[in-house]
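The sequence shown runs 1 to 325 under UniProt numbering.
Below is one structure, written out as structure tokens, with a few remarks after it.
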Amino acid sequence: MSIARRPRRLRQNPAFRDLVAETSLRPSDLILPMFVVDGLNEPRDIPSMPGVQQHSLDSLKRAAHEALDAGVTCVDLFGVPREEDKDATGSVAWDPQGILNVAIAELRQEFGDDLIVMADTCLDEFTSHGHCGVIDDQGRVLNDETVELYQDMARSQARAGAHMVSPSGMMDGQIAAIREALDEAGHEDVAIMAYSAKYASAFFGPFRDAVGSSLEGDRRTYQQDPRNFRESMLEVDLDIEEGADIVMVKPGLPYLDVLAGAVERSSVPVAVYQVSGEYAMIQAASQNGWIDGEAVMLESLTAFKRAGADQILTYFATDAARLLK
């Protein structure tokens, strides 16, 4: 056959494929979400997220060392308080002795600037009702009152030593308010990763096991409708205008179009969160022998990079980084 263009020429062996690869995935692209639980003495498995654990302060540091040794240079901390410490406003979230702030301080003492310590800046783990902010007597989340508490939380995380805060509550105006609070408190160097396009997704299910969520109802009045795209572009634009250093899309694989759209318009780095449900499905299928778990893990992470993500939050971070190295 007379075929002038034979694309298979460049696929004939690994060296050729690497030579012309359009997408590169590195350990330093990955961010590891971690859960630390007040009062826990030993790490505890999360049944709905095989391979992921709730950590004690000691096991948190060990796992962070493993991640850094593998090449992961950033972790995202979620704190899980004692049930009796939860209240209507989530006040333990800005308590210097609260579990999240203590964990931030201990990681900073352990790693200095070698590991970027990011903290989740949201109240859902700390409130007795499980919502991301203050609610009124009809169960509605109050936007402006909640944002004021986010300011308190961000300041406390910065004082504890967080390099970066990550507001995930999807309150209007939260980024501008947090930036103002941090700057006024002398924390101009603390960065903000904004959960800009965060959808009210069914893929979050296992995460609620991980943080012992007390959620009553749902979050559809403040997280985005999965049917909408333009709305997420507006949210990205607003967060950049308000001072976000990085914007994020969450979940990941079901929203690759949103990720690509955010990348196209953003003047700051764009992150994506491969959420608990995505992780759990890959792990479950792998454990049942239905897929090659390692191959699907790397393929899914490569898809985020191909869509333009600069950073990927994933529970696979340490395992993937080891394979990439």
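Glycine included, each C-beta is placed from N, C-alpha and C at the ideal position.
Please read these numbers as outputs of a predicted model, since none were measured by experiment.
Q.
Here's the rule I'm using: 16 or more other beta-carbon atoms within 10 Å means buried, otherwise exposed. How should Val165 be labelled?
A. The count along the sequence shown starts at 1 and reaches residue 165 at position 165. Result: buried.
Q.
By DSSP's criteria, Lys198 is part of a beta bridge. Which residues make up the other side?
A. If you number the sequence shown from 1, residue 198 lands on position 198. As a beta-bridge residue in DSSP terms, Lys198 pairs with Lys250.
Q. Would a C-beta distance cut-off of 8 Å place Ala177 and Tyr150 closer than the cut-off?
A. Taking the sequence shown and counting its residues from 1, one reaches residue 177 at position 177. Taking the sequence shown and counting its residues from 1, one reaches residue 150 at position 150. Taking 8 Å as the Cβ cut-off, Ala177 and Tyr150 qualify as a contacting pair.
Q) Excluding five sequence neighbours on each side, which residues of the same chain lie with their C-beta closer than 6 Å to the C-beta of Gly90? A) Within the sequence shown, residue 90 is the residue found at index 90, counting from 1. Once the five neighbours on either side are set aside, the close Cβ partners of Gly90 are Leu123, Phe126 and Thr127.
Q: Spatial neighbours of Glu235 within its chain, please: CB distance less than 6 Å, with the 5 preceding and 5 following residues excluded, ordered by chain position.
A: Here residue 235 corresponds to residue number 235 of the sequence shown, with the count starting at 1. Closer than 6 Å at Cβ, skipping near neighbours: Ser196 and Ala197.
(Q) What would DSSP say about Ser24, mapped onto helix, strand or coil? (A) One-based indexing of the sequence shown puts residue 24 at position 24. In the three-state reduction of the DSSP assignment, Ser24 falls in the coil class, being assigned neither a helical nor a strand state.
Q) So which of Ser48, Tyr255, Glu106 and Leu259 has the shortest CA-CA distance to Val247? A) Taking the first residue of the sequence shown as 1, we reach residue 247 at position 247. Ranking Ser48, Tyr255, Glu106 and Leu259 by Cα distance to Val247 puts Leu259 first.
Q: Rank Glu242, Glu241, Asp292 and Phe316 by C-alpha distance to the C-alpha of Asp278 and give the top, closest one.
A: The count along the sequence shown starts at 1 and reaches residue 278 at position 278. The amino acid occupying residue 278 in the given sequence is Glu; Asp does not appear at that position. Comparing Cα-Cα distances from Glu278 to each of Glu242, Glu241, Asp292 and Phe316, the minimum goes to Phe316.
Q) So who's on the other strand from Met170, going by DSSP bridges? A) The residue you call residue 170 lines up with position 170 of the sequence shown. Looking at the DSSP assignment, Met170 forms no beta bridge with any residue, so it has no partner.
Q: Could you please give the first and the last residue of the uninterrupted alpha helix (DSSP H) stretch that includes Ile3?
A: Mapped onto the sequence shown, residue 3 falls at position 3. Unbroken run through Ile3: none, as it is neither H nor E.
Q) Buried or exposed: where does Asn101 fall if 16 or more other Cβ atoms within 10 Å of its Cβ makes it buried? A) Translated into the one-based positions of the sequence shown, residue 101 becomes position 101. Its Cβ being crowded by 16 or more others within 10 Å, Asn101 is buried.
**Q.** Whole-angstrom C-beta distance between Ala181 and Arg155, which should lie under 8 Å
**A.** Reading the sequence shown from its first residue, position 155 is the one you call residue 155. Reading the sequence shown from its first residue, position 181 is the one you call residue 181. Between Arg155 and Ala181, the beta carbon gap of about 6 Å places them in contact (Cβ cut-off 8 Å).
Q) Can you tell me whether DSSP reads Met297 as helix, strand or coil? A) What you label residue 297 is simply residue 297 of the sequence shown in a count that begins at 1. Assignment of Met297 by DSSP, reduced to helix, strand and coil, places it in the helix class.
Q: From the DSSP output, in three-state form, read off Val190 for me.
A: Numbered from its first residue, the sequence shown carries residue 190 at position 190. If DSSP states are grouped into helix, strand and coil, Val190 belongs with coil.
(Q) Between the alpha carbons of Val134 and Gln157, how many angstroms are there, rounded? (A) Residue numbering aside, residue 134 sits at position 134 when the sequence shown is read from its first letter. Residue numbering aside, residue 157 sits at position 157 when the sequence shown is read from its first letter. The straight-line gap from Cα to Cα measures roughly 19 Å.
(Q) If you follow the alpha helix (DSSP H) that Asp310 is in, where does it begin and where does it stop? (A) By 1-based counting over the sequence shown, the position of residue 310 is 310. In the DSSP annotation of this structure, Asp310 is not part of any alpha helix (DSSP H), being labelled neither H nor E.
Q: Give the straight-line distance between the Cα atoms of Asp69 and Leu115, rounded to the nearest whole angstrom.
A: Indexing the sequence shown from 1 puts residue 69 at position 69. Indexing the sequence shown from 1 puts residue 115 at position 115. Just so you know, the alpha carbons of Asp69 and Leu115 end up roughly 10 Å apart.
Q | Inter-residue spacing [alpha-carbon to alpha-carbon] between Val296 and Gln138 | A | On the sequence shown, residue 296 is found 296 positions in, with the first residue counted as 1. On the sequence shown, residue 138 is found 138 positions in, with the first residue counted as 1. So the alpha carbons of these two residues sit roughly 44 Å apart.
Q. Based on the DSSP output, what are the partners of Pro206 in its beta bridges?
A. Here residue 206 is taken as the residue at index 206 of the sequence shown, counted from 1. Pro206 is not bridged by DSSP to any residue.
Q) When the Cα of Ala307 is compared with those of Arg5, Ile3, Thr23 and Arg9, which residue comes out closest? A) Translated into the one-based positions of the sequence shown, residue 307 becomes position 307. The shortest C-alpha separation from Ala307 is found at Thr23.
Q: Determine the direct distance from the alpha carbon of Ala200 to that of Ile175, and round the result to whole angstroms.
A: By 1-based counting over the sequence shown, the position of residue 175 is 175. By 1-based counting over the sequence shown, the position of residue 200 is 200. Approximately 19 Å, taken between the alpha carbons.
Q. Which runs of the alpha helix (DSSP H), 4 residues or longer, sit entirely within the stretch 129-180?
A. Residue ranges of uninterrupted alpha helix (DSSP H) with 4 or more members, entirely inside the stretch 129-180 and ordered along the chain, are 143-160.
Q) To the nearest angstrom, how far is it from the Cα of Ala119 to the Cα of Ile31? A) For the purposes of this step, residue 119 is taken as residue 119 along the sequence shown, with counting starting at 1. For the purposes of this step, residue 31 is taken as residue 31 along the sequence shown, with counting starting at 1. Rounded to whole angstroms, Ala119 to Ile31 spans 12 Å at the Cα level.
Q.
By alpha-carbon positions, which one of Ser267, Gly243 and Phe229 ends up nearest to Lys250?
A. Along the sequence shown, read from residue 1 onward, the residue named residue 250 stands at position 250. Ranking the options by Cα distance to Lys250, first place goes to Phe229.
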